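Residue numbers (this note's numbering), protein chains in the order written: chain A, 873 to 997; chain B, 10 to 293; chain C, 226 to 1001.
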């Protein structure tokens, strides 16, 4: 996950990921979820690394449809010959996205996180 | 508010519409979900293809044992169809619970299921009915079972150039009892939980049980564990109560301002019991 | 000689259908968005998406280059325009400087930052999207108690304690009362922030005519004349060259009793660009930037004797003001203090208000404006006391009411209640609902495990603002009556109705006084070039104050008509009745039309009388009026889902004399709907970053027709001695009465589970959790 090329492929809709510092990247992405779509620019930061078992990932982005911040701790554990990924985090949303359906923020965040890890698993395989 | 600029086409033939979609245009059905998103600029398709003028997509037909419903059929038409009320009452009852009169006048079944809102009403009924969904594109046609159509939040089996063209539901033999019970979110009217039940009994025991759930988690599903727990058991309140306890099947519950995961779990069990109880009453 | 006198039926008191309705229900009324002026541009406002942030830079170049964009303005451009005013005057009030566009910081989500002017509204919206603002977010605070805690983020950097003002008031000897009490009960009670949501959002059209230095502003407002005075001042124009027009206004409920940044901004744009300009608020903007209502965290303490005699009440109000003061923001909670004793006769009160800044849109007047909060508080405390002392809640109220021979009643807070018979009204409600049988039914239901509740609310309210020394911009109202040469009548009222129906009620009053048909009377309002200065419509004051001004103007007209009548009939003594002036000796008559014609033709003027038939009256009310009532709600709670079912709703309201029962029903039903909305469904929720989470109808739950119970509505009538019509005002009464009845009902339903209080809104999940935790 500390490989920017893998990260870029895993982040849904990522168009460009540029390293700006140790474990810090500038992010340009287009998020598409059903009809909802919007371009975002922002940052990805990996913090408190204790590889290979856990670290914190903070994603911040803002665009016309609003802004969002995801902050969570990932824990990786070996299980049955594979890796079990647990993500415990928080998503904050603002702007137009925040106003249209509180109910969607939770489900949407879960979906995007799931997509990210599915893609990551695919890329690392 | 105001949408971003877009081009609009309203073809009168399905093949023309499918061609435009293959070129990248976004299909517009009733617009009840898409247009509000466009007005808030959360969705900005550059080309819209209006499917509303295609007679090939607007029909309700009795095909003996099955009822074929065109994707552009409005909720109002489904709600008021004597054919459906008599031969597929679950779909009729579900349609009456959608939105409000204005939404039902314009919203279509094809548009609704293609959108796959996790709290929409039809998916619960279609799961319980084991309906078939026919998908069409400019290069062909294929049919998909409901369980394989709804994949995740706002995510279906539709490929980018496909539209839903038809929904096929079974004609219910007279002894089948069905019911759709929904807890309304007080602001939007969406399903906080919605449970569709379909049962038959023989000799005082459940001979068919199908339970479709919507609103609870990221996508609709058939509560197979409840179905299996009831099949062959005595058709009474105790069996229902015992079986309903498993309805969540360990899935991740949605959580928002209007209902926490814990509350939603409690509601789901309650509404599963209520839907099964009502379906059972109607089956005798 | 015998004369047949045709008796015309009096219209006052009858269910007369509204003159307003045909145009409203056929869609032919003119709202501000219907106003189209040649060469008119459209404006779109760029707003802060952050609850609190510094503005680092604004780049308007892409927006300005968009074809069709005429101009783009930012904070620096509007420094010459006056700041948004606050008319409330409290000692020590800290007043943040409120420019019509943000300067170097933004203080709430929705705070206007820039405005794009374009040839149509679509390009204006596209242009607004192209304005690039660089923000540096800072920590916001949206919860009042968090805002007052040590180390809280400062909403305004110059006042880190986030306090805008403190206020206190004492009446009688509260310390003594509390010391002597047998029982003292405390409770924290919340009246949550609400979004008023009128059907029509705000909107402004501004037109500037350079050669005449004349500005016309069409705006969806409740106070056109006040708006004219204030906007003229803000824009540096002479007041008599500014015209404000309130076209058809689709509801206000207090949120349009205000002066908003956008009103001055559109005036500024029209003057700067030389073209008319229109701005129409989207629903989302309305949620974010039109004032919110309520916003209290209240700490109550009640002191009583064991026999149920209430001795005193203490109240600490933490008022959520929002980030700025709009027109009356700091004054609203002071109205809560005034009404804190409700209908009860105890003499000892102590009140404190802490006006607190938050990174939210300001609060201000919303249907009831301070009185619903006070009534809710005292009615909850009375129920809590009743439960503690094991006294029936109806009994406890009857025991403590002001009695009917104590009026005018001087309250512990310095008011004088005008008239009332609280015992009669509550007793009527108790009889209507069959209270004794109902309690028996409740005992049976409880034995079956059902959660059935009976909730009472006896409310009093202060309205018909009011004596001018006590009302910020003056509390009088004006009316002009013109009888035209043909005998038709035109009424010009300083009231500015926006749904209340005064075009009908005032016509009824005039028809009865002058004896002319209802259809012969036209009531005009809302245009400062047509109508003499008026204060406007709010605080349930139209009929009581505006109607009284009209009544007195009509008396002047009648006096003048009698003089002309006597001259026409060439006699000394005349009687005026049924639209005719009659010589008492000969029985000969002349009609209003003939008198009017003669007054303008002026062939023969009565001695000492000028030509014409016009009278204007500015009427100052000697007091507020005090409607009151009793609402009783029966409810049942579904244990499995927490859903609340309303089984019965009885309302007995005393609003003095009733001029049109049809309109009164409408006010009470609508008011009850909004009150139930607060009790059960509505809440404006901000997260810790200042995002309004309930920012659309998807999440903000309004009452629907299908969620309303049948309201069994009846009245008692104690006319008000304050005005000649004997009316008390009804616009807000229903809202004030319904909320406490609903909450008291649900808490009564839950009382077998040992529940003492639950805060609004009583959502199904809240109730479900309580039932589940009680293990019931």
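We put the CB at the ideal spot given by N, CA and C, even for glycine.
Please read all numbers here as calculations on a predicted model, not as lab measurements.
| said: Suppose you measure from the CA of residue 892 (chain A) to the CA of residue 11 (chain B); what does that come to, to the nearest Å? | reply: The residue labelled residue 892 (chain A) in the question sits at position 20 within the first chain. The residue labelled residue 11 (chain B) in the question sits at position 2 within the second chain. The alpha-carbon atoms of residue 892 (chain A) and residue 11 (chain B) are separated by roughly 37 Å.
| message | Can you tell me whether residue 991 (chain A) is helix, strand or coil according to DSSP? | response | Within the first chain, residue 991 (chain A) is the residue found at index 119, counting from 1. The answer is helix: DSSP assigns residue 991 (chain A) an H, G or I state.
Beta carbons nearer than 7 Å to chain B: which residues of the segment 962-991 of chain C have them?
990
| task | Indicate the three-state DSSP secondary structure (helix, strand or coil) for residue 828 (chain C) in the structure shown. | result | The sequence position of residue 828 (chain C) within the third chain is 603, counting from 1. Of the three classes helix, strand and coil, the one that applies to residue 828 (chain C) here is coil, per DSSP.
query: Who are the near neighbours of residue 800 (chain C) in its chain, counting only those whose CB is closer than 6 Å to its CB and skipping five residues on each side?
result: Here residue 800 (chain C) refers to the residue found at position 575 when the third chain is read from its first residue. The residues are 807 and 809.
Next on the checklist: What does DSSP give as the partner residue(s) for residue 593 (chain C) in the beta ladder?
Outcome noted: The sequence position of residue 593 (chain C) within the third chain is 368, counting from 1. According to DSSP, which records beta bridges pairwise, residue 593 (chain C) is partnered with nothing at all.
What are the boundary residues of the alpha helix (DSSP H) that includes residue 973 (chain C)? Here the question's residue 973 (chain C) lines up with position 748 in the third chain. It spans 958-975 - the alpha helix (DSSP H) in which residue 973 (chain C) sits, taken as one unbroken run.
> Grouping DSSP H, G and I as helix and E and B as strand, with all else coil, what is residue 226 (chain C)?
Replying inline: Here residue 226 (chain C) is taken as the residue at index 1 of the third chain, counted from 1. With a pLDDT of only 48 at residue 226 (chain C), under 50, the local geometry of the prediction cannot be trusted, and no value is derived from it.
Practice problem: Return the bridge partner residues of residue 844 (chain C) from the DSSP annotation. | Solution: On the third chain, residue 844 (chain C) is found 619 positions in, with the first residue counted as 1. Its beta-bridge partners are C:702.
Quick check on residue 918 (chain C) - is its C-beta less than 8 Å from some C-beta in chain A?
Here residue 918 (chain C) is taken as the residue at index 693 of the third chain, counted from 1. Answer yes: the Cβ-Cβ gap between residue 918 (chain C) and chain A drops below 8 Å somewhere.
Check your understanding: When DSSP labels each residue in this structure, what does residue 1020 (chain C) get in the three-state scheme?
Key -> Here chain C has residues from 226 to 1001 only, and residue 1020 (chain C) is not among them.
- In the structure shown, what three-state DSSP assignment does residue 746 (chain C) receive? Taking the third chain and counting its residues from 1, the one referred to as residue 746 (chain C) is at position 521. Strand, per DSSP.
- Message: Is there a C-beta anywhere in chain C that falls below 8 Å from the one on residue 43 (chain B)?
- Response: Against the second chain, residue 43 (chain B) aligns to sequence position 34. No, residue 43 (chain B) does not count as interfacial toward chain C.
Original post:
List, in order along the chain, the chain A residues whose C-beta lies closer than 9 Å to that of residue 351 (chain C)?
Top reply: Along the third chain, one-based indexing puts residue 351 (chain C) at 126. Within 9 Å Cβ-Cβ: nothing; residue 351 (chain C) doesn't reach chain A, min ~11 Å.
Q: Provide the residue span of the beta strand (DSSP E) that contains residue 853 (chain C), from first to last.
A: Here residue 853 (chain C) is taken as the residue at index 628 of the third chain, counted from 1. From DSSP, the beta strand (DSSP E) with residue 853 (chain C) extends over 853-862.
Looking at C-alpha atoms only, which residue of C:448, C:546, C:907 and C:958 is the closest neighbour of residue 584 (chain C)? Stepping through the third chain from its first residue, residue 584 (chain C) is reached at position 359. Nearest of C:448, C:546, C:907 and C:958 to residue 584 (chain C), Cα basis: C:546.
Check: In this structure, does DSSP put residue 281 (chain B) in helix, strand or coil?
Finding: Position 272 of the second chain, counted from the start, is the residue given in the question as residue 281 (chain B). In this structure, residue 281 (chain B) counts as helix in the three-state DSSP scheme.
*asked:* With a threshold of 8 Å between beta carbons, is residue 70 (chain B) in contact with chain A?
replied: Within the second chain, the letter at position 61 stands for residue 70 (chain B). Chain A, which has no Cβ nearer than 8 Å to the Cβ of residue 70 (chain B), makes this no.
Name, please, each residue of chain A whose Cβ falls closer than 7 Å to the Cβ of residue 914 (chain C). Numbered from its first residue, the third chain carries residue 914 (chain C) at position 689. Residues of chain A passing the Cβ test: 964 and 966.
| request: Go ahead and pull the three-state DSSP assignment for residue 377 (chain C). | output: Residue mapping note: residue 377 (chain C) aligns to position 152 of the third chain, counting from 1. Residue 377 (chain C) falls in the coil class under three-state DSSP.
**Message:** I'd like the list of long-range same chain contacts for residue 393 (chain C), defined as Cβ closer than 7 Å, with 5 residues on each side in sequence excluded.
**Reply:** Reading the third chain from its first residue, position 168 is the one you call residue 393 (chain C). For residue 393 (chain C), where only same-chain residues beyond five positions count, the Cβ hits under 7 Å are 576 and 577.
Cβ separation of residue 764 (chain C) and residue 689 (chain C), assumed to be a contact under 8 Å, to the nearest whole Å: Counting from one through the third chain, the residue named residue 764 (chain C) turns up at place 539. Counting from one through the third chain, the residue named residue 689 (chain C) turns up at place 464. Going by Cβ atoms, the distance from residue 764 (chain C) to residue 689 (chain C) rounds to 7 Å, so yes, they are a contact pair.
### Query
residue 841 (chain C) and residue 778 (chain C) look like a contact to me (Cβ under 8 Å); what is the Cβ gap, rounded to whole Å?
The residue you call residue 841 (chain C) lines up with position 616 of the third chain. The residue you call residue 778 (chain C) lines up with position 553 of the third chain. Between residue 778 (chain C) and residue 841 (chain C) the Cβ distance is about 6 Å, and since that is below 8 Å, they are a contact.
| First through last residue of the beta strand (DSSP E) which encompasses residue 891 (chain C) | For the purposes of this step, residue 891 (chain C) is taken as the residue at position 666 of the third chain. Run containing residue 891 (chain C): none in the beta strand (DSSP E); it sits in the alpha helix (DSSP H), 886-901.
query: Rounded to a whole number of angstroms, what is the C-alpha to C-alpha distance between residue 1001 (chain A) and residue 890 (chain A)?
result: Missing from the structure shown is residue 1001 (chain A); chain A here goes from 873 to 997 and no further.
message: Cβ closer than 7 Å: which chain B residues qualify as neighbours of residue 507 (chain C)?
response: Numbered from its first residue, the third chain carries residue 507 (chain C) at position 282. Here the neighbours are 10.
Note to self: Check whether the segment 189-209 of chain B and the segment 97-115 of chain B are in contact - that is, three or more C-beta pairs closer than 8 Å.
What the structure shows: yes
| said: Beta carbons nearer than 7 Å to chain B: which residues of the segment 853-881 of chain C have them? | reply: 865 and 866
Quick one: measure Cβ to Cβ for residue 824 (chain C) and residue 838 (chain C), integer angstroms, because I've assumed they're closer than 8 Å. As a working note, residue 824 (chain C) is residue 599 in the third chain. As a working note, residue 838 (chain C) is residue 613 in the third chain. Right, the Cβ-Cβ distance comes to about 4 Å (below 8 Å), so this counts as a contact.
Checklist line | Backbone CA spacing between residue 286 (chain C) and residue 145 (chain B) [nearest angstrom] | finding: Walking along the third chain from the start, residue 286 (chain C) turns up at place 61. Walking along the second chain from the start, residue 145 (chain B) turns up at place 136. For residue 286 (chain C) and residue 145 (chain B), the distance between alpha carbons rounds to 46 Å.
Compute the minimum distance between the beta carbon of residue 567 (chain C) and the heavy atoms of the ligand ADP, and state whether it is under 7 Å. This structure does not include the ligand ADP; it has no bound ligands of any sort.
| query | Nearest-angstrom Cα distance between residue 892 (chain C) and residue 945 (chain C)? | reply | For the purposes of this step, residue 892 (chain C) is taken as residue 667 along the third chain, with counting starting at 1. For the purposes of this step, residue 945 (chain C) is taken as residue 720 along the third chain, with counting starting at 1. Cα to Cα, residue 892 (chain C) sits roughly 19 Å from residue 945 (chain C).
Is the distance from the Cβ of residue 367 (chain C) to the Cβ of residue 276 (chain C) below 8 Å?
Walking along the third chain from the start, residue 367 (chain C) turns up at place 142. Walking along the third chain from the start, residue 276 (chain C) turns up at place 51. Yes. Within cutoff.
Report task. Output the boundary residues of the alpha helix (DSSP H) element that contains residue 326 (chain C). Result -> Locating residue 326 (chain C) in the third chain gives position 101, where the first residue counts as 1. It is not in any alpha helix (DSSP H) - residue 326 (chain C) carries neither H nor E in the DSSP assignment.
inquiry  = Would residue 207 (chain B) pass as an interface residue toward chain A - the criterion being a Cβ-Cβ separation below 8 Å?
reply    = One-based indexing of the second chain puts residue 207 (chain B) at position 198. No - not a single Cβ of chain A is within 8 Å of the one on residue 207 (chain B).
#### Entry: Local conformation of residue 13 (chain B) per DSSP, three classes
Stepping through the second chain from its first residue, residue 13 (chain B) is reached at position 4. It is coil, neither helix nor strand.
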